[in-house]
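Read the structure below first, then the notes.
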Amino acid sequence: MSQIGYMFLALGVQAWDAAIFHLMTHAFFKALLFLASGSVILACHHEQNIFKMGGLRKSIPLVYLCFLVGGAALSALPLVTAGFFSKDEILAGAMANGHINLMVAGLVGAFMTSLYTFRMIFIVFHGKEQIHAHAVKGITHSLPLIVLLILSTFVGALIVPPLQGVLPQTTELAHGSMLTLEITSGVVAVVGILLAAWLWLGKRTLVTSIANSAPGRLLGTWWYNAWGFDWLYDKVFVKPFLGIAWLLKRDPLNSMMNIPAVLSRFAGKGLLLSENGYLRWYVASMSIGAVVVLALLMVLR
-19 MSQIGYMFLA LGVQAWDAAI FHLMTHAFFK ALLFLASGSV ILACHHEQNI FKMGGLRKSI
41 PLVYLCFLVG GAALSALPLV TAGFFSKDEI LAGAMANGHI NLMVAGLVGA FMTSLYTFRM
101 IFIVFHGKEQ IHAHAVKGIT HSLPLIVLLI LSTFVGALIV PPLQGVLPQT TELAHGSMLT
161 LEITSGVVAV VGILLAAWLW LGKRTLVTSI ANSAPGRLLG TWWYNAWGFD WLYDKVFVKP
221 FLGIAWLLKR DPLNSMMNIP AVLSRFAGKG LLLSENGYLR WYVASMSIGA VVVLALLMVL
281 R
């Protein structure tokens, strides 16, 4: 979702070519990560919980390399990945059009992306092995991964730019400003990766101690429940909608429209009871009916 956010950020600051550029590079490294994830799941006997994995880099080295390259491209590691060039164009477009706050938000997003991406990589491929993974071999498995791996590097950025001439070009920054932005963006990505390595490589004692503390448990519960958005949506949208639906289902107008049908049904059942096959009952009914009709005629005269 973060990369879709970058594309819409580019559209919002009128960096049309940067949005298309990132769409294309994003297709390369995201496809690589998705295929590599499927390979991990297959190698781990369809296990999908990353916390039940660990130490897989020795069992499936090619997939590990794919995750490193794909994760680096997703994190926009400087110069060597396609994601760096396309993401920097978006940030440059925001800065060139005077949206400094959006550029800063993009840098914060880059830091968070590198942090959570390499956290996942370190948890799955480093540490103690918990599942005996079997490598999936064969050209049909390896070739798509290798092709996408190559396209996720700077090679992918070299292929895409010819498509940019179709759309209006983004306002360019001065050389010095662009260089400063590239250095800042690169440092942010590297700091995120190093922080992830410090926290999740090795024994992870700091992470464990924070997670077991009272604030850590509170934050963990909050994040596990999607920052409370599911609860908020349930209270603000779902419950009121269900209440309105319940009221509409019991609309009094609909109930009044059903009254003639209910009366007709009961009248029909009453008439069925009168058909009992006894002649005396029919004679008595006809006599009573004749008396009632005569009485009505006398009253209405």
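Per our numbering, residue -19 is the first one in the sequence shown, and the count goes up by one each step. In this text, a Cβ means the ideal position worked out from N, Cα and C, and glycines have one as well.
Identity of the residue in the options nearest residue i by Cα
i: L87; options: G136, Q(-6), S122, Q(-17); result: Q(-17)
i: V116; options: G172, G107, L277, P41; result: P41
i: A23; options: V218, A137, M266, H121; result: H121
i: S165; options: F102, M83, M(-13); result: M83
i: G(-8); options: G78, F47, L59; result: G78
i: R99; options: H114, L59, G172; result: G172
i: A85; options: L259, L(-11), S267; result: L(-11)
i: M92; options: A206, L175, G250; result: L175
i: P58; options: I163, V20, L259; result: I163
i: C46; options: G250, L123, N205; result: L123
i: A16; options: V60, V167, V127, V263; result: V127
i: M33; options: A11, A113, L131; result: A113
i: S19; options: L125, S267, W261; result: L125
i: L131; options: F14, F9, H2, S94; result: F9
i: V167; options: I139, L129, A90, V242; result: A90
i: E69; options: I21, V272, H2, R197; result: H2
i: L111; options: I119, I0, M158, I21; result: A small fix is needed here, since residue 111 is Ile in this sequence, not Leu. Residue I21 is the option with its Cα nearest to I111.
Buried versus exposed, by CB contacts within 10 Å (16 or more), residue i
i: S244; result: exposed
i: D(-3); result: buried
i: E255; result: exposed
i: S55; result: buried
i: G63; result: buried
i: H6; result: buried
i: W180; result: buried
i: S235; result: exposed
i: K67; result: buried
i: L252; result: exposed
i: Y258; result: exposed
i: T97; result: buried
i: F102; result: buried
i: F14; result: exposed
i: H25; result: exposed
Euclidean distance between Cα positions of residue i and residue j
i: G35; j: K108; result: 5 angstroms
i: T133; j: L222; result: 50 angstroms
i: G51; j: Y44; result: 10 angstroms
i: A74; j: F65; result: 15 angstroms
i: L71; j: M(-19); result: 17 angstroms
i: G208; j: F217; result: 14 angstroms
i: T160; j: L48; result: 26 angstroms
i: A177; j: V104; result: 13 angstroms
i: A225; j: K219; result: 10 angstroms
i: W203; j: E27; result: 23 angstroms
i: F31; j: K215; result: 32 angstroms
i: M4; j: H106; result: 31 angstroms
i: A(-5); j: I80; result: 14 angstroms
i: N205; j: A53; result: 29 angstroms
i: G182; j: L227; result: 58 angstroms
i: L274; j: S265; result: 14 angstroms
i: T136; j: T61; result: Contrary to the premise, residue 136 reads as Gly rather than Thr in this sequence. Taking the straight line joining both Cα atoms gives about 8 angstroms.
i: K282; j: I190; result: Outside the displayed range of the chain (-19 to 281) lies residue 282, so it cannot be described from this structure.
i: S94; j: L233; result: 59 angstroms
i: D210; j: P240; result: 45 angstroms
i: M237; j: G250; result: 21 angstroms
i: R281; j: F246; result: 32 angstroms
i: A169; j: G200; result: 24 angstroms
Boundaries (first-last residue) of the alpha helix (DSSP H) holding residue i
i: M(-19); result: First-last for M(-19): undefined, no H or E at that position.
i: S265; result: 259 to 280
i: F47; result: 41 to 54
i: T61; result: Looking at the DSSP string, T61 is not in any alpha helix (DSSP H), and its letter there is neither H nor E.
i: A90; result: 80 to 105
i: I190; result: 185 to 192
i: V135; result: 134 to 139
Return the chain-ordered ranges of every alpha helix (DSSP H) run that is complete within the stretch 205 to 250 and spans a minimum of 4 residues. 209 to 213, 219 to 229
Enumerated in chain order, which unbroken segments of the alpha helix (DSSP H) with a length of 4 residues or greater are wholly contained in the stretch -17 to 19? none
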